[in-house]
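Student: Protein sequence lines correspond, in order, to chains G and L. One point on numbering: in the working numbering, the residue at position 163 of the first sequence is 163, and numbering is uninterrupted. To get the working numbering, take the position in the second sequence, counting from 1, and add 1000. The structure is given below, and queries will be raised subsequently.
Protein chains: 2
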Amino acid sequence: MLDKYATLIKIENGYIMDQKIGESKVTIDHVASYCGFSKATVSRVINKEGSVKPATEAKVLEAIEKLGYMPNNAASALSGGKTGTIAVFLPDVKTEYYAALLTGLEEVAEKQFFNIIIKTQNNKKALLDLAINNKVDAFVLRNNGLQPFDHDVLVTLKRRGIPVVFIGKPPAESDSHAILIDNVGGARLMAHHYVQHGFKKILFIAGPEDNLDSNDRLYGFKIGLSELSAEIERLDVIHGDFLRESGYLAAQEALRNSTYDAIFAASDHMALGAMLYCRSRGIRVPGDMAITGFDDTFFSEFLDPPLTTVRQPMQDIGSIAMETVLRILEHHESRFQKIILPTQLQIRQSCGCTHA
Amino acid sequence: MLDKYATLIKIENGYIMDQKIGESKVTIDHVASYCGFSKATVSRVINKEGSVKPATEAKVLEAIEKLGYMPNNAASALSGGKTGTIAVFLPDVKTEYYAALLTGLEEVAEKQFFNIIIKTQNNKKALLDLAINNKVDAFVLRNNGLQPFDHDVLVTLKRRGIPVVFIGKPPAESDSHAILIDNVGGARLMAHHYVQHGFKKILFIAGPEDNLDSNDRLYGFKIGLSELSAEIERLDVIHGDFLRESGYLAAQEALRNSTYDAIFAASDHMALGAMLYCRSRGIRVPGDMAITGFDDTFFSEFLDPPLTTVRQPMQDIGSIAMETVLRILEHHESRFQKIILPTQLQIRQSCGCTHA
DNA sequence: CTGAAAGCGCTTACAG
DNA sequence: CTGAAAGCGCTTACAG
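So this is what it looks like as structure tokens:
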């Protein structure tokens, strides 16, 4: 067996590397040999099985530290253990929202020495391959609201005990873990602000008809209005797709036949679209028309006028989602099924407020 | 050996899965058994070794197809073969530029069934671990221009024959593969446009002093100016860090003691900062001051006035980088050492041009 | 509480 | 051109 340690020099209590640390491969066998226990035992302390005597655990840990040992995920995965990687399904990685999610996810994963596999296609077969061939330990799933994840696939994951955390509303089954934001609360606050401004004729540019985020925002907005028993003359709703162009078109269509005091768009991108339309028609914002959005994306602050909007903690959603999966992985449970993150009103000038 | 195929039913020429495709694990042994060759042979066709008789290759391929077989990367990696994953080092994944790079990288990787491991820390030890323990097949490296990649590490990769593709200027050694953009050409075009506008007093807001992109942009700008033997009264340079705030500060400082016709910032973010400063001081853009940038980030088009800038194909850089590594992986070479992608002048209104 | 041994699914000399 | 067998670095019953 010694030839296996050809690059090692024997020292009093084991072996030490003959080369610069990090330059050569060190395996569980090296660690075992160095500390005098079997690799089975080393494996047990690495995986925190708890069945190891504290004294020997300490020695193993010291050996690991000394040799700079890092477990080989591939080997571990192959033998049925952990893979050290989490699959993340996202519609894309370039839209600011998803890029921020990914940043949060990636940041905590990297800190905990987990890798991430990103899939931007909602692909059933790929998901199954990852799960069945033990390529990942868990999933973080975020759909684009249009093509939900296949129900059968989710059932398969559950049956195999593979943890899943959803970002945004999970599919029907109520027992999935999910990280959500307070859409209702944020829109409610916006409604209150609208009442303060005294807006009577309002256009709400919504997302797709069946989009839950959008629906919650509209719901919250209505609640907020009615809470203050505001006398609203008109609250029209036009559906867009969250993207800028649809906001432009919605404003164009709505303003053809009616007039409004204010436009509340379910996303900043659509608010920008509406703003661009107004600019093109010489409608002054906020002089002639107040416009507000939802999300607080990067550019909103720099628009002219700066956009009043509802801020959602995009990056935090990602980091909390990752923290949640990792916690489930470690404790086989999480204290919370659903975590709802707060949103807050970000008042700037597009609503008509003047800068402090 | 039959128990291994318990979930299979014997049919005339092999075995077929007893369950819904994709629901059960299918290994190289299943494929071998199904087509009647050894798994060594199956492995050879998967890895395109070329030493397999066409007829048997066809049968193996058919079996793979039939059974929906997907190789297990972990097993392959462990036995010294390919890992099917590429390491990508990026400063972050949320800045629009890097998010776009990642999109390009990810898109082609996913299409070719490669996974990506993202590292946002320029961490020597992590990089070495990935390389030495055969966790990835190749690297795509992009630094933030501040902390270059460790020279020793790069030498180690080279010695081990692990392909590396740089995004942006590679370290000194001239034989590395790199994807670059035409900084000089883009800035040169901007200079020509400045001459057309007749700007005489110009402020160039640069990146960090030793930043190669920034230096190339300044160089190209000067070239462009001198080519047309423009009579420039003044070309001042102030260094920023590419971020918005530094553009604001640079404008503030420069305008304290001098006047300018135009500001050319080495990034759109700094141009935005300068624009914001002007807005705060009541300096009209472009009426009193023309401002232009470099990058053509998402928001530039929507600023008021829309920003004239130099467009660089961010996402393409990522996809071409990934295509290049994958090509090297497959053919053990790439036809090109350096690939320089074109930039183009994007004229909008912040330079004083009026919309068509 | 610990170890010897089998096995995970591949690849790769080595033989033929 | 193809196969049998060893081995990659782990994990996990099974014994003790």
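Glycine included, C-beta positions come from ideal geometry on N, C-alpha and C.
1. At what residue ranges does the stretch 1049-1079 of chain L contain a whole run of the alpha helix (DSSP H), taking only runs of 4 or more?
2. Give me, in chain order, the residues of the same chain whose beta-carbon lies closer than 6 Å to that of valine 1026 of chain L; leave out the 5 immediate sequence neighbours on both sides.
3. Output yes if chain L places a C-beta closer than 8 Å to the C-beta of methionine 270 of chain G; else output no.
4. So glutamate 1106 of chain L and phenylalanine 1298 of chain L are supposed to be a Cβ contact under 8 Å. How far apart are they, rounded?
5. To the nearest angstrom, how far is the alpha carbon of arginine 159 of chain G from that of glutamate 227 of chain G?
6. If you run the structure through DSSP and keep just helix, strand and coil, what is leucine 341 of chain G?
7. Please compile the residues from chain L whose C-beta is within a distance smaller than 7 Å of the C-beta of valine 88 of chain G.
8. Is the stretch 106-122 of chain G touching the stretch 318-336 of chain G, taking contact as three or more C-beta pairs under 8 Å?
9. For arginine 142 of chain G and phenylalanine 1204 of chain L, what's the separation of their Cα atoms in angstroms?
10. DSSP three-state call for alanine 271 of chain G: helix, strand or coil?
11. Where does serine 1214 of chain L land, buried or exposed, given buried means 16+ other C-beta within 10 angstroms?
12. Using the rule of at least 16 other Cβ atoms within 10 Å of the residue's Cβ for burial, across every protein chain shown, is alanine 1187 of chain L buried or exposed?
13. Going along chain L in order, which residues have a C-beta closer than 8 Å to the C-beta of phenylalanine 299 of chain G?
14. Using three-state DSSP, classify glutamine 1312 of chain L as helix, strand or coil.
15. Can you tell me the Cα-Cα spacing of threonine 1354 of chain L and arginine 217 of chain G, whole angstroms?
16. With a threshold of 8 Å between beta-carbons, can valine 1108 of chain L be considered close to chain G, or not?
17. What does the alpha-carbon distance come out to for the pair arginine 1284 of chain L and cysteine 1278 of chain L?
18. Name, please, each residue of chain G whose Cβ falls closer than 7 Å to the Cβ of threonine 1103 of chain L.
19. Any beta carbon of chain G sitting closer than 8 Å to that of alanine 1074 of chain L?
20. Does DSSP put isoleucine 1223 of chain L in a helix, a strand or coil?
21. Would you tell me roughly how many angstroms separate the C-alpha atoms of glutamine 1346 of chain L and glutamate 1233 of chain L, rounded to the nearest one?
22. What does phenylalanine 89 of chain G pair with, by DSSP beta-bridge criteria?
23. Is the beta carbon of glutamine 1312 of chain L closer than 8 Å to that of aspartate 1288 of chain L?
24. Which one or two residues does DSSP pair with aspartate 1295 of chain L in a beta bridge?
25. Using the beta-carbon count (16 or more within 10 Å), is proline 54 of chain G buried or exposed?
26. Let me know the secondary structure DSSP gives glutamine 196 of chain G once reduced to three states.
27. Which residues in chain L sit within 7 Å of threonine 120 of chain G, going by Cβ to Cβ distance?
28. One question on the structure: do valine 1153 of chain L and leucine 1127 of chain L come within less than 8 Å of each other, judged by their Cβ atoms?
29. Would you give the residue range spanned by the beta strand (DSSP E) that valine 1367 of chain L belongs to?
30. Which chain G residues are close to leucine 1276 of chain L, counting only those with a beta carbon under 8 Å from its beta carbon?
31. Using DSSP bridges, identify the partner residues of leucine 212 of chain G.
32. Given that a residue counts as buried once 16 or more other Cβ atoms are within 10 Å of its Cβ, and exposed if not, what is histidine 30 of chain G?
33. If you compare alpha carbons, which of G:Val140, G:Val60, G:Asn144, G:Gly352 is closest to isoleucine 116 of chain G?
34. Taking 8 Å as the cut-off, decide whether the C-beta atoms of isoleucine 1179 of chain L and leucine 1341 of chain L are in contact.
35. With a threshold of 7 Å on Cβ separation, who are the neighbours of lysine 124 of chain G within its own chain once the five nearest residues in sequence on each side are excluded?
Tutor: On the basis of the supplied data:
1. Listed in chain order, the alpha helix (DSSP H) elements of length 4 or more contained wholly in the stretch 1049-1079 of chain L are 1054-1067, 1073-1078.
2. Taken in chain order, the residues that qualify are Leu1067, Tyr1069.
3. When Cβ-Cβ separations below 8 Å define contact, methionine 270 of chain G makes no contact with chain L.
4. Actually they do not touch by this definition, with Cβ atoms about 18 Å apart.
5. About 45 Å.
6. The three-state reading of DSSP puts leucine 341 of chain G in strand, counting E and B together.
7. Chain L residues near valine 88 of chain G: none, gap ~10 Å exceeds 7 Å.
8. Yes: at least three Cβ pairs fall under 8 Å.
9. Answer to the nearest angstrom: the Cα atoms are 43 Å apart.
10. Correct three-state label for alanine 271 of chain G: helix.
11. The residue is buried, with at least 16 neighbouring Cβ atoms inside 10 Å.
12. Result: buried.
13. Those within 8 Å of phenylalanine 299 of chain G in chain L are Phe1298, Phe1299, Phe1302.
14. It is coil, neither helix nor strand.
15. Between the alpha carbons of threonine 1354 of chain L and arginine 217 of chain G lies a distance of about 39 Å.
16. Not an interface residue.
17. C-alpha separation (whole angstroms): 7 Å.
18. Within chain G, the residues near threonine 1103 of chain L are Asp92, Val93, Lys94.
19. Closer than 8 Å: yes.
20. Helix at isoleucine 1223 of chain L.
21. Each residue's Cα considered, the two are about 25 Å apart.
22. Answer by DSSP bridge pairing, in chain order: G:Lys119, G:Leu141.
23. With contacts defined by Cβ atoms closer than 8 Å, aspartate 1288 of chain L and glutamine 1312 of chain L do not form a contacting pair.
24. DSSP lists L:Arg1311 as partners of aspartate 1295 of chain L.
25. When all chains shown are included, proline 54 of chain G counts as exposed.
26. Three-state DSSP puts glutamine 196 of chain G in a helix.
27. Annotation: Cβ neighbours of threonine 120 of chain G in chain L (cutoff 7 Å, chain order): Glu1106, Glu1110.
28. Result yes, Cβ atoms of valine 1153 of chain L and leucine 1127 of chain L sit closer than 8 Å.
29. Limits of chain L in this structure are 1001 at one end and 1356 at the other, which puts residue 1367 of chain L out of reach.
30. Taking the beta carbon of leucine 1276 of chain L as reference, the chain G residues within 8 Å of it are Phe302, listed in sequence order.
31. DSSP, once it has assigned bridges, lists no residue as partnering leucine 212 of chain G.
32. Its Cβ being crowded by 16 or more others within 10 Å, histidine 30 of chain G is buried.
33. Nearest of G:Val140, G:Val60, G:Asn144, G:Gly352 to isoleucine 116 of chain G, Cα basis: G:Val140.
34. Contact flag set, yes.
35. Take lysine 124 of chain G, set aside five residues on each side of it, and the residues of its chain with a beta-carbon closer than 7 Å to its own are Asp150, Val153, in chain order.
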